[in-house]
Amino acid sequence: MKICVLMKQVPDNDSAIVLSNDGSGIKLDDITWCTNESDTYALEEALLIKEAQGGEVVACTLGRESSQQVIKDALAKGADRGLYIPDDGLDNYDILATAKIFSQILKDENFHLILSGLQSNDSGNSQLGLLLAEMLQMSHAALVMGTEIVNENQIRVKQELEGGWFQWTELDLPASITIQSGLNKPRYASLRGIMMMKKKPIEIFDKSRIDRTAIENKIFLEKMYIPNKIKETTFIEGTPDEIADKLVDIMINEIKVF
Amino acid sequence: MEILVFIQRDNHTLNRNSLEALTGAQQIAKSINGQVTAVCFGDPHEVIAGYDIHQVLCVHDQKLESYNPLLFCEAAAQIISRIHPELILFGHTYQTRDWVPRLSARLNIPFVSDCIAIQHSDGLVLTRQIHQGKINTDLSIAGPVLASVQSGAFRLDSLVAGKADLQNVSVDLSQVICTVRPGEKFQESKGSVDLSRAKVIVSIGRGIGKEENMSIAKALADVMDAELGSSRPVVDYGWLPHEHQVGSSGQTVAPKLYLALGISGAIQHQVGMKSSANIIAINKDSNAPIFEIADIGVIADLFDIVPKITEKIRAFKR
Numbered sequence: 000m001k002i003c004v005l006m007k008q009v010p011d012n013d014s015a016i017v018l019s020n021d022g023s024g025i026k027l028d029d030i031t032w033c034t035n036e037s038d039t040y041a042l043e044e045a046l047l048i049k050e051a052q053g054g055e056v057v058a059c060t061l062g063r064e065s066s067q068q069v070i071k072d073a074l075a076k077g078a079d080r081g082l083y084i085p086d087d088g089l090d091n092y093d094i095l096a097t098a099k100i101f102s103q104i105l106k107d108e109n110f111h112l113i114l115s116g117l118q119s120n121d122s123g124n125s126q127l128g129l130l131l132a133e134m135l136q137m138s139h140a141a142l143v144m145g146t147e148i149v150n151e152n153q154i155r156v157k158q159e160l161e162g163g164w165f166q167w168t169e170l171d172l173p174a175s176i177t178i179q180s181g182l183n184k185p186r187y188a189s190l191r192g193i194m195m196m197k198k199k200p201i202e203i204f205d206k207s208r209i210d211r212t213a214i215e216n217k218i219f220l221e222k223m224y225i226p227n228k229i230k231e232t233t234f235i236e237g238t239p240d241e242i243a244d245k246l247v248d249i250m251i252n253e254i255k256v257f
Numbered sequence: 000m001e002i003l004v005f006i007q008r009d010n011h012t013l014n015r016n017s018l019e020a021l022t023g024a025q026q027i028a029k030s031i032n033g034q035v036t037a038v039c040f041g042d043p044h045e046v047i048a049g050y051d052i053h054q055v056l057c058v059h060d061q062k063l064e065s066y067n068p069l070l071f072c073e074a075a076a077q078i079i080s081r082i083h084p085e086l087i088l089f090g091h092t093y094q095t096r097d098w099v100p101r102l103s104a105r106l107n108i109p110f111v112s113d114c115i116a117i118q119h120s121d122g123l124v125l126t127r128q129i130h131q132g133k134i135n136t137d138l139s140i141a142g143p144v145l146a147s148v149q150s151g152a153f154r155l156d157s158l159v160a161g162k163a164d165l166q167n168v169s170v171d172l173s174q175v176i177c178t179v180r181p182g183e184k185f186q187e188s189k190g191s192v193d194l195s196r197a198k199v200i201v202s203i204g205r206g207i208g209k210e211e212n213m214s215i216a217k218a219l220a221d222v223m224d225a226e227l228g229s230s231r232p233v234v235d236y237g238w239l240p241h242e243h244q245v246g247s248s249g250q251t252v253a254p255k256l257y258l259a260l261g262i263s264g265a266i267q268h269q270v271g272m273k274s275s276a277n278i279i280a281i282n283k284d285s286n287a288p289i290f291e292i293a294d295i296g297v298i299a300d301l302f303d304i305v306p307k308i309t310e311k312i313r314a315f316k317r
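The listed protein sequences derive, respectively, from chains A and B. The first sequence: position 106 = 105 (numbering that gives the first Met the number 0), numbered continuously. The second sequence: position 47 = 46 (numbering that gives the first Met the number 0), numbered continuously.
What follows is the structure, given as C-alpha cells:
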C-alpha cells in the first residue's frame with residue numbers, strides 16, 4: 000500500500016493570533032508553529048495501515064521553510080520519505096488553485112491512498128484531499144473515524160455524521176480520505192526513530208516544474224478583521240478570591256442556579 | 000443574478016441548515032433583483048414550493064434517493080451547467096463537506112465553505128472565519144462560486160413564504176461508476192448522559208491540560224449538581240466518553256447555566272451550546288472565541304479560580 004499523508008504547519012493553539020498592521024495577514028513574529036492536529040491523526044492512521052499491510056508512507060507538505068519540521072517529525076515517527084513543496088510564490092493561491100498544484104506534483108506517484116487531516120486549524124477550508132480525489136480520479140470520504148482495509152482494491156471507512164450518527168462506507172482504491180481527530184492515539188517519536196529520520200530522504204520539489212498556465216486564483220481577500228462580538232460580555236477581574244466570590248454571587252443571586 | 004440553492008433532504012424532512020441557506024438566497028436576491036432556484040433530489044416535496052422563490056427543480060431518480068457523493072456530484076454538475084447560476088448555495092452540513100469539494104473540482108468553480116455572511120455590494124462578498132473563529136475574512140470572487148453557510152448565519156424565521164413554480168427535471172447518471180458505496184447509518188450505543196435536559200453544565204476544554212486535572216472540574220460539577228460536558232479534544236484524548244461531548248458532532252444543549260472551563264469555543268463547539276441561557280467562560284486567552292458569546296468572562300488560569308468556586312459553593316450550601 001503506497002500512502003501519502005498531506006500535512007500542514009499551523010500556529011500552535013496557544014499562539015496569539017494578531018492582525019498585521021496593514022491588515023493583510025497575521026503577525027508571524029510570536030507564533031509557535033506545530034503540525035495541524037488532525038494531520039497527526041492522519042499520519043498515525045497511515046502508519047497503522049502500513050504496519051498491517053506493508054508499503055510506504057510519504058509525508059507531504061507545502062509551506063514556509065520551517066514547515067519541513069512537520070516532515071521531519073513524521074519521518075521520526077515512521078514515515079518513509081518526505082516531499083516538501085516550498086511555498087515561495089505559491090502561498091497566495093486559493094484552495095482550488097492549491098489543489099491543482101498538488102495534483103500536478105502527486106499524479107505520477109500513483110498513491111493507493113491519500114490521507115489528510117479533516118481541516119487545518121488556520122484556513123480551515125476542509126477541501127484539499129477531496130479536491131484531489133476528483134483531480135486524480137480517486138474515490139473519497141470525508142470525516143473518517145475508522146479504517147479497515149478489505150483487500151488490495153478496497154477500503155471500508157467509518158464516517159462521522161451529525162449528532163452522534165455514523166456510517167460505514169466502502170471505497171474502491173485509489174482513495175483520498177480526510178481524517179477526523181480522535182480515531183487513534185498518535186505515537187511519539189522514539190529516540191531510535193529520531194536517529195533514523197536523519198537518514199531518510201526529503202525531496203524538495205522544484206517549483207519550476209509546475210505548469211502554472213491553468214492555475215489561477217478566483218478568490219480574493221478584501222478584508223481581514225477581528226469579529227464583532229455577538230454578546231456584551233461582562234468581564235470580572237480581581238484576585239482569584241475576588242473573582243470566585245463574584246462568580247458565586249452571580250450564580251446564586253442573578254442566575255439563581257441553587 | 001441567478002442563485003441556486005441545494006436543499007438537502009434528511010429522510011422525509013428538509014434539512015434546516017439548507018433552508019437557512021434558502022433564506023440567505025432570498026435576501027441576496029432581493030437586494031440585487033436576482034432570481035432564486037431551489038434544487039431538491041428525490042420525490043417532489045410540497046413544502047419547498049411554499050417559499051417565495053422563482054422555481055423548484057425536483058430531480059426524480061431512484062439513484063438519488065439516498066446519499067452517494069458521486070451520484071450527487073454528477074446530478075448537480077448537470078443541473079448547474081444547464082442554468083449557469085452565479086451563486087450556488089448549500090447548508091454547511093456534514094454531507095456538504097463530503098461531496099461539494101469534489102463538485103468544485105469537477106466544475107472548476109471555487110467553493111467557499113462555512114460562510115457566516117454573504118452580501119452583494121458591488122459584487123458578492125463572502126465572509127468566512129479563519130484561525131478557528133479568531134479572524135474574519137471578507138472575500139470577493141471572480142466568476143461563479145459555490146458557498147456553504149454556517150448554521151445560524153441566516154435565520155430560518157426570516158424565510159419568506161410564497162409560491163414557487165415546481166418543475167420536474169431529469170439527469171443522466173448512467174455513466175457514473177460508484178467507487179464510493181455508503182452503508183446504513185447507525186448510532187453507537189447510547190450512554191446514560193442526556194445533557195439536553197441538564198440545568199447546569201460544567202464543561203471542560205483543552206485548557207484542563209491533562210487527565211489528572213479533570214478531578215478539579217469534576218469536584219465543581221459535583222458541588223453544583225451539574226452534568227459534565229466537554230469540547231472535542233477532551234473526548235479525543237479519552238478523558239471523558241463521547242456522550243459528554245457538546246457541539247456539532249456531539250450534543251446540543253441549552254441549560255440555565257453553561258460554565259465553560261478552558262474551552263476556546265471553536266464554532267463546532269459554539270453551535271452546540273450557544274442557546275444556553277447564561278454562559279460563564281473562564282479562559283486564560285483573552286482572544287478565545289468563547290468570549291464572543293459568553294455573558295460573563297474571566298480571563299485567568301482556571302486552576303486559580305475553579306477550586307475557590309468549589310470551596311465557596313460548598314460553604315454556601317452548608
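The beta carbon of each residue, even a glycine, is placed where N, CA and C say it ideally should be. Remember, predicted model here, so these are calculated numbers, not experimental data.
Item                                                                                                                                                                    : Value
Answer with yes or no whether the minimum CB distance from Tyr187(A) to chain B is below 9 angstroms.                                                                   : no
Counting pairs of beta carbons, one from the region 36-52 of chain B and one from the region 134-142 of chain B, are three or more of them closer than 8 angstroms?     : no
Which class does Lys217(B) belong to by DSSP, given the choice of helix, strand or coil?                                                                                : helix
Strictly by DSSP, which residues pair up with Ile279(B)?                                                                                                                : Leu258(B) and Ile295(B)
Taking the alpha-carbon of Phe302(B) as reference, which of Ala243(A), Cys59(A) and Lys255(A) has the nearest alpha-carbon?                                             : Ala243(A)
Could you check how far apart the C-beta atoms of Gly128(A) and Ile113(A) are, in whole angstroms? I think they sit under 8 angstroms.                                  : 6 angstroms
Would you say Ile281(B) touches the ligand ATP, meaning its beta carbon is less than 8 angstroms from a heavy atom?                                                     : Looking at this structure, you won't find the ligand ATP or any other ligand, since it has none at all.
For chain A, check one thing: does any of its Cβ atoms lie closer than 9 angstroms to the Cβ of Glu187(B)?                                                              : yes
Please list, in chain order, the residues of the region 268-295 of chain B that have any C-beta partner in chain A closer than 7 angstroms.                             : Asn277, Ile279, Asn286, Phe290, Glu291, Ile292, Ala293, Asp294 and Ile295
Does Pro232(B) have its Cβ less than 9 angstroms from a Cβ in chain A?                                                                                                  : yes
Any beta-carbon of chain B closer than 9 angstroms to the one on Gln32(A)?                                                                                              : The sequence given here has Trp at residue 32(A), not Gln. Chain B contact via Cβ: absent.
Grab the span of the alpha helix (DSSP H) containing Asn16(B) for me, first residue to last.                                                                            : Arg15 to Ile31
Assuming contact is defined by CB atoms lying nearer than 9 angstroms, are Phe153(B) and Ala20(B) in contact in what I supplied?                                        : yes
Answer yes or no: does any C-beta atom of chain B fall closer than 9 angstroms to that of Thr60(A)?                                                                     : no
For the alpha helix (DSSP H) containing Ile30(A), list its first residue and its last residue.                                                                          : Neither: Ile30(A) is in no alpha helix (DSSP H) and is coded neither H nor E.
Please list, in chain order, the chain B residues whose beta carbon lies closer than 9 angstroms to that of Glu44(A).                                                   : Near Glu44(A) there are no residues of chain B at all, since even the closest Cβ is about 14 angstroms away, more than 9 angstroms.
Find the nearest neighbour of Ile203(A) within the set Thr168(A), Gln118(A), Glu64(A) and Cys33(A), judged by alpha-carbon distance.                                    : Glu64(A)
Using a Cβ-Cβ cutoff of less than 7 angstroms, which residues in the same chain neighbour Ala287(B) once the five nearest sequence positions on both sides are dropped? : Ser263 and Gly264
From the DSSP output, in three-state form, read off Glu183(B) for me.                                                                                                   : strand
Work out the CA separation of Ile289(B) and Ile295(B) for me, nearest whole Å.                                                                                          : 10 angstroms
Note down the Cα distance separating Val233(B) from Thr34(A), rounded to an integer number of angstroms.                                                                : 19 angstroms
For Arg127(B), write down the residues that DSSP places opposite it in a beta bridge.                                                                                   : Cys114(B) and Thr136(B)
Per the DSSP calculation, Asp164(B) is bridged to which residue(s)?                                                                                                     : Gln54(B)
With DSSP collapsed to three states, give me the class of Leu5(A).                                                                                                      : strand
Please confirm if Pro100(B) has its CB atom under 9 angstroms from at least one CB of chain A.                                                                          : yes
So, Ser147(B) versus Arg96(B), is the Cβ gap smaller than 9 angstroms?                                                                                                  : yes
Does any C-beta atom of chain A lie closer than 9 angstroms to the C-beta of Phe110(B)?                                                                                 : yes
State the Cα-Cα distance for the pair Ser202(B) and Ile254(A), rounded to the nearest angstrom.                                                                         : 17 angstroms
Sorted by chain position, which residues of the same chain lie with C-beta nearer than 7 angstroms to Ser37(A)'s C-beta, five sequence neighbours on each side aside?   : Gly116, Leu117, Gln118, Ile178, Gln179 and Ser180
Would you check if the distance between the CB atom of Val252(B) and the CB atom of Ile200(B) is smaller than 9 angstroms?                                              : yes
At what residues does the beta strand (DSSP E) containing Arg155(A) begin and finish?                                                                                   : Gln153 to Glu159
Based on Cα-Cα distance, which residue from Gln128(B), Ser229(B) and Pro240(B) lies nearest to Asp113(B)?                                                               : Gln128(B)
With a threshold of 9 angstroms between beta-carbons, can Ala253(B) be considered close to chain A, or not?                                                             : no
Applying the criterion that 16 or more other CB atoms from any shown protein chain within 10 Å of the CB defines a buried residue, is Phe219(A) buried or exposed?      : exposed
Look up Ile201(A) in the DSSP assignment and say whether it is helix, strand or coil.                                                                                   : strand
Flag Asp90(A) as yes if its beta-carbon sits less than 9 angstroms from any beta-carbon of chain B, otherwise no.                                                       : no
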